[in-house]
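Report on the structure given below.
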Amino acid sequence: MYDPMTVEPKWRARWEERGTNSMDVAAAKKPYYQLMMFPYPSAEGLHVGNVFAFVGNDIHGRFRRLQGWDVFEPIGFDAFGIHSENYALKVNTHPGKLIPANIARFKEQLKRTGLMVNWEHVLATTDPDYYHWTQWIFLKLYEAGHAVKKQAPVNWCPECKTVLANEQVEDGYCERHPGTRVHQRYLSQWFFTITKYVERLLDNLETLDWSESTRTMQANWIGRSEGAELIFEAPAGTRIPVYTTRPDTVFGATYLVLAPEHPLVDELTASEQQNEVGKYRREAGQKDVVTRKVGDREKTGVFTGTYARNPATGESVPIWIADYVLMEYGTGAIMAVPGHDERDFEFAEKFGLEIRRVVAASSPSPSSPPDQARAEVEDDTLPYISWGGVLVNSGQFDGLGPAEGVKAITAWLEERGSGRTKVQFRLHDWCISRQRYWGPPIPMVYCDGCGTVPVPYDDLPVLLPEIDDFKPDESGMSPLARHEEWYRVPCPKCGKLARRETDVSDTFLDSAWYFLRYPSTKFDDRAFDPATTEKWLPVDSYIGGNEHAVLHLMYSRFITMVLHDLGLLNFEEPFTKFRAHGTIVKDGAKMSKSRGNVVVPDDYIDKWGADTFRMYLMFLGPYLEGGDFRDEGIAGMRRFLDRVWTLTKKMATGAGELDRGAVRKLHQTIKKVAHDIEGLHYNTAISALMEYSNTLRAIEDDEAGLSRELLEPLIVMLAPFAPHFSEECWERFGHADSVHDASWPPFDEELARADEVEVVVQVNGKVRGRLRVAPGTPEAEVVESAMADEGVSRFVTGREVRKTIYVQDRLVNIVV
RNA sequence: GCGACCGUGGCGGAAUUGGCAGACGCGCAGGAUUUAGGAUCCUGUGUCGAAAGACGUGGGGGUUCGAGUCCCCCCGGUCGCACCA
511 MYDPMTVEPK WRARWEERGT NSMDVAAAKK PYYQLMMFPY PSAEGLHVGN
561 VFAFVGNDIH GRFRRLQGWD VFEPIGFDAF GIHSENYALK VNTHPGKLIP
611 ANIARFKEQL KRTGLMVNWE HVLATTDPDY YHWTQWIFLK LYEAGHAVKK
661 QAPVNWCPEC KTVLANEQVE DGYCERHPGT RVHQRYLSQW FFTITKYVER
711 LLDNLETLDW SESTRTMQAN WIGRSEGAEL IFEAPAGTRI PVYTTRPDTV
761 FGATYLVLAP EHPLVDELTA SEQQNEVGKY RREAGQKDVV TRKVGDREKT
811 GVFTGTYARN PATGESVPIW IADYVLMEYG TGAIMAVPGH DERDFEFAEK
861 FGLEIRRVVA ASSPSPSSPP DQARAEVEDD TLPYISWGGV LVNSGQFDGL
911 GPAEGVKAIT AWLEERGSGR TKVQFRLHDW CISRQRYWGP PIPMVYCDGC
961 GTVPVPYDDL PVLLPEIDDF KPDESGMSPL ARHEEWYRVP CPKCGKLARR
1011 ETDVSDTFLD SAWYFLRYPS TKFDDRAFDP ATTEKWLPVD SYIGGNEHAV
1061 LHLMYSRFIT MVLHDLGLLN FEEPFTKFRA HGTIVKDGAK MSKSRGNVVV
1111 PDDYIDKWGA DTFRMYLMFL GPYLEGGDFR DEGIAGMRRF LDRVWTLTKK
1161 MATGAGELDR GAVRKLHQTI KKVAHDIEGL HYNTAISALM EYSNTLRAIE
1211 DDEAGLSREL LEPLIVMLAP FAPHFSEECW ERFGHADSVH DASWPPFDEE
1261 LARADEVEVV VQVNGKVRGR LRVAPGTPEA EVVESAMADE GVSRFVTGRE
1311 VRKTIYVQDR LVNIVV
């Protein structure tokens, strides 16, 4: 009987002794970088979702190794950030104390899972040897002009006394304090100018071998749109630029709306409207960023009391301010076309503004041009939004389709100096300041004389001080701002007393470059060694969750591009291939502590062994889609390993004739399993291995029986899935070396070929018989024997054969 | 609302280019072994039907000799984005 409780620890110990998994990064000849997204080391430890993800990554890495690659499969810990910090606050223990214990626990669990992790190259983002280089990257970006300081709104929870990320705000309330409304504060913060790279970030997507869903999400996030910037002029000559994707509808623009924060509002507000406008702006400022965007969408706004000239019609249109217009997008001002935009329509209805139709749904007939179209348009009670139809009420442009109208009207306005075509993106600059404690201090110093001064490279790292009062307070500043002994430093330039930046950087910066560090963890004088990096990067295979499809992957690509442009990297895309794995759910619902349906891997590994658990997880469903975790099936997987175990004990020693059918099945299996592992289709790879073992079981008592040639390839193919079990079998076969240093079994097309195929005979598309023929039998011969088949002739005789369809080696269809 | 993906036995899920639907596994039933239970092994297992056969991949229509697969409409689900002008 196979006993994982003794076999698995035995092999883990031996792997460590022999250094089986410690591939020498410097000496590797055929490098293959197999990366998985590193975990946040939570206090709860590894959950099945992590194990599922890591095992899938490990199988691919181990398979590549069997194919002869020098596979580098590192792991690290994303241990900075608000998660760790909030947990530390909750249990009232310093995060610096919690993290090492959590990491130790994770390591233990990861090892028990049997991963081929290279433990010589572990990293933790909280380690000063690591964040030294996170700060170095900040300085590199600063030097290149990609790090700038500007004012930005943040969510503030008065109860937590801290800034919240958008994800921590639920419908305007703090996620930790359901009764507390979050509001908006303006703070001066550091930004990385990722928007400068927006075209490359979008265009390069097409060249990447990434999950389609991930690329789509990135493209949506970047949000490219084409349109025009048009100028509306106020009487005093103030030019108000607006961005629109529908410049063809400018003849229908009956009013303007500015965002409440728009810098021109003061100037444009008439004196009698001052009070109203001021009040509205204050109210808008009170709303937190999230509520304003997703909360109650009842339109609100106030009239500024002034007008601007529509550049197309020359008419005066009223200028309003309303919070449905966002300052962060476009120019922070829109031309409202209520006839053809739902939001503008709703607003116009509410405030009694003019609605003018400028696109008719159907083409006016030549006999009764625009009049008829106008009539039908005026009946409408809702805006008409489509790229179909024709322009009406648009002067010389009447009759054009919207797409032609865009070109013609933009060109016409451009000629008159009131517009130009414009491409707009949704992506914003990346705010990296966090008014928190648990992160790498931003390496900047503010000096009264010299201004903003970067910390010299030689003074890095700026160590995060160990303070007890890491709890945030009312001020909106980092807890570090309470520690004068820390932030008071001499200015690096002039030596006078100056002040450190007290904010720390975003966790996403830690993870935006960690893959560069792994191969170079041995170098303490550089972030990443040029020769090592050239050898190992870009990453050959990256696997992770789609929850990081946008931010993490986008930021990593951005940092890589910047470092490339600075001449520090010779590639500009970090991940050649990326696949998003699926999610494991329980009873159809996402696992979460609040639902109480979290599955902890430890008990399963204790009971069934890591190998059984690994295979079971992979067999649940397609790796790229995930599946539902149930206890019922796991015994079946254990049964499978037990059967293979029994097979290996029956290995025939004599040199009998090999079973032809088994050899054929073997080669078919080699091909299928390799193909499936490459595509990460582990569930079907496992089922192919099961089929092959069933084939062997059927001949186990035969004379020639189970020869080494039939059994050993099964064990090798099983090795990526069940690494301990396979080692034990391999050893019992008399091998002194590791099965993981063996080679993937060679595939022979000739041996895989069937010497007889079954051809299905259909009459009118219904199966009426089957024939066994040699592969490649010509059509005429097959049809002839098909007609002779009793089951077939019953349905054919006495009827006229209209035609026959023949698919080589597969099917005959006789149409009568 | 917009975008992407998906819907197949009692269950999880298979099915290159349109070509035997239900691989593999779970569960279940019968049998062997066992004092019994468990474990193991063998056989069976989409539905209706005694059988021949008919029906069958969320529903409806279409293309085709042939549709789970392609096209159109509808219903249901999952994920992402969400006042982005």
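If you want the working numbering, it's the position in the first sequence, counting the first as 1, plus 510.
Note that beta-carbon positions come from the ideal geometry of N, C-alpha and C, so glycine has one too.
{"Check": "Complete runs of the alpha helix (DSSP H) confined to the segment 725 to 785 [at least 4 residues]", "Outcome": "775 to 778"}
{"Check": "Burial state of V752, where buried means 16 or more other Cβ atoms lie within 10 Å", "Outcome": "buried"}
{"Check": "Residues that Q945 bridges to, as DSSP identifies them", "Outcome": "The partner list for Q945 (beta bridge, DSSP) is empty, contrary to what the question assumes."}
{"Check": "Residues bridged to S826 [DSSP beta-bridge criterion]", "Outcome": "R819"}
{"Check": "Rounded Cβ spacing between E739 and T841 (contact assumed at less than 8 Å)", "Outcome": "7 Å"}
{"Check": "Cut-off 6 Å between Cβ atoms - residues of its own chain near T759, not counting five sequence neighbours on either side", "Outcome": "V847, H850 and V868"}
{"Check": "G559: first and last residue of the uninterrupted alpha helix (DSSP H) it sits in", "Outcome": "V558 to L576"}
{"Check": "Residue environment, N665, which counts as buried when at least 16 other CB atoms sit within 10 Å", "Outcome": "buried"}
{"Check": "Buried versus exposed, by CB contacts within 10 Å (16 or more), R1105", "Outcome": "exposed"}
{"Check": "In chain order, each beta strand (DSSP E) run of at least 3 residues that lies wholly inside the segment 1008 to 1069", "Outcome": "1051 to 1055"}
{"Check": "8 Å Cβ cutoff met for P549 and F587", "Outcome": "yes"}
{"Check": "Residue from G606, F702, D1247 and F616 with nearest C-alpha to K650", "Outcome": "F702"}
{"Check": "Limits of the beta strand (DSSP E) - the one that P663 falls within", "Outcome": "A657 to C667"}
{"Check": "Buried or exposed by the 16-neighbour rule on C-beta atoms within 10 Å, applied to N1080", "Outcome": "exposed"}
{"Check": "Simplified DSSP state of S698, which is helix, strand or coil", "Outcome": "strand"}
{"Check": "Cβ-based burial, R866 [other Cβ within 10 Å; buried from 16]", "Outcome": "buried"}
{"Check": "Reference Y641, options S1015, Q1178 and R1280, closest by Cα", "Outcome": "S1015"}
{"Check": "Whole-Å CB distance - F562 paired with L1127, under 8 Å assumed", "Outcome": "5 Å"}
{"Check": "Presumed contact (8 Å Cβ cut-off) between F855 and P893, rounded CB distance", "Outcome": "4 Å"}
{"Check": "Which listed residue (R524, V535, F590 and A523) has its alpha carbon closest to that of G949", "Outcome": "F590"}
{"Check": "Candidates V955, D1121 and P757: closest to K1006 by CA position", "Outcome": "V955"}
{"Check": "Start-end ranges of the beta strand (DSSP E) lying completely within the segment 1082 to 1139, minimum 3 residues", "Outcome": "1087 to 1091, 1093 to 1096 and 1136 to 1138"}
{"Check": "Neighbourhood of L712 by C-beta, 7 Å cutoff - its chain only, sequence neighbours within 5 removed", "Outcome": "A729, I732 and R734"}
{"Check": "Whole-angstrom distance between V1271 and L1281, CA atom to CA atom", "Outcome": "7 Å"}
{"Check": "DSSP-derived helix/strand/coil call for E582", "Outcome": "Reading off the sequence, residue 582 comes out as Phe, not Glu. The answer is strand: DSSP assigns F582 an E or B state."}
{"Check": "V1154 and S1203 closer than 8 Å at C-beta", "Outcome": "yes"}
{"Check": "Check whether H938 and Q796 have beta carbons under 8 Å apart", "Outcome": "no"}
{"Check": "Simplified DSSP assignment, three categories, for P880", "Outcome": "Per-residue confidence for P880 stands at a pLDDT of 42, beneath the threshold of 50, marking its modelled position as unreliable; no derived number is given."}
{"Check": "CB-CB length for Y1028 against H631, believed under 8 Å", "Outcome": "5 Å"}
{"Check": "Span of the beta strand (DSSP E), counted from its first residue to its last, around G1328", "Outcome": "One cannot answer for residue 1328 here, as it falls past the ends of the chain, which runs 511 to 1326."}
{"Check": "Enclosing alpha helix (DSSP H) for E618 [first to last residue]", "Outcome": "P605 to R622"}
{"Check": "Best match in F564, A662, W643 and H604 for proximity to D968 [C-alpha to C-alpha]", "Outcome": "W643"}
{"Check": "Nearest-angstrom Cα separation, counted from Q577 out to G1279", "Outcome": "43 Å"}
{"Check": "Beta-carbon contacts of Q934 that lie in its chain and below 7 Å, excluding the five residues immediately before and after", "Outcome": "S735, G737, Y753 and G840"}
{"Check": "Buried or exposed (CB count within 10 angstroms, at least 16 for buried), Q784", "Outcome": "exposed"}
{"Check": "Counted within 10 angstroms of its Cβ, other Cβ atoms place R745 as buried (16 or more) or exposed", "Outcome": "Before going on, a small fix: residue 745 reads as Pro here, not Arg. Label assigned to P745: exposed."}
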